[in-house]
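In the numbering used here, the protein residues as written are 5 to 240. Here a beta-carbon is modelled for each residue, glycine too, at the ideal position from N, C-alpha and C. Owing to the predicted nature of the structure, the values given are computational and were not obtained by experimental measurement. Let me begin by presenting the structure, written as structure tokens, before commenting on it.
Shown next as structure tokens:
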């Protein structure tokens, strides 16, 4: 049985991108460069690394539409209900001059598998589908720069790398799409350099699997997920 690997998904997703996605990657890399334009170890700046884990209370993949041979099929097609799953990842943050604003580069991985669809008058029942999403992006963060407690909010963009597995009805495939998220959290310092934090993140992307329905064509849909996370950060 295949076991998903966090960094394998990141590398595979980048290598499988179509030409239209490279402009998105260029934007993300340019944003990362801006985050590090100053010396990150300068006494006037704050940099941190963090690990995070939690639960993805996945919503549905909605607004399902056919592509290829399925394009123009009368709908709406049934939404794909998703399973809750574990989320884990890491990030690097940079705040110039210990200010109220900063940037985070992050990557996180989750496996909200698609639940099976029940039998209807128009279609047979379908089994569940293996589904994983790895997101790489950059967030803008606004915080209260307290010495012990730091509430914060943020928003970001990046690339979502999604993969569906093989079933009788679905063909294995990978898509890379523009992704976004909004977040709110609270960080608490337990030492001058080590902090714990909790965070809520709402994330989304629109994925297209052009051959997802095998000979019938493909499908697209809007992925939405709510993440409740906790983590530990080390501040330089």
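- Item | Length at least 3, wholly inside the segment 124-196: the beta strand (DSSP E) runs in chain order | 135-147, 153-168 and 177-193
- Message: Measuring CB atoms only, is the segment 186-197 touching the segment 165-175, in the sense that at least three cross pairs come out at less than 8 Å?
- Response: no
- Item | Sequence-distant residues of the same chain with beta carbon closer than 6 Å to residue 143, five excluded per side | 108, 158 and 160.
- Task: Measure the C-alpha to C-alpha separation of residue 96 and residue 179 and round it to an integer number of angstroms.
- Result: 25 Å
- Message: Could you check whether residue 60 and residue 163 sit closer than 8 Å to each other, using their CB atoms as the reference points?
- Response: No. Outside cutoff.
- Item | Proximity below 8 Å, CB of residue 52 to CB of residue 237 | yes
- Item | Sheet register partners of residue 113 (DSSP bridge) | For residue 113, which the question treats as bridged, DSSP gives the partners 92 and 138.
- Item | residue 148, buried or exposed, once every other Cβ within 10 Å from all chains shown has been counted against 16 | exposed
- Which of helix, strand or coil DSSP assigns to residue 18: Only weak support exists for where residue 18 lies, its pLDDT of 49 falling under 50; the value from the coordinates is given anyway. In this structure, residue 18 counts as helix in the three-state DSSP scheme.
- Item | Neighbourhood of residue 84 by C-beta, 7 Å cutoff - its chain only, sequence neighbours within 5 removed | 64, 65, 68, 118 and 225
- Message: If you measure between the beta carbons of residue 235 and residue 56, is that distance less than 8 Å?
- Response: Against a cut-off of 8 Å, the Cβ pair of residue 56 and residue 235 comes out as a contact.
- Query: What separation, rounded to the nearest whole angstrom, lies between the Cα atoms of residue 221 and residue 215?
  - Reply: 5 Å
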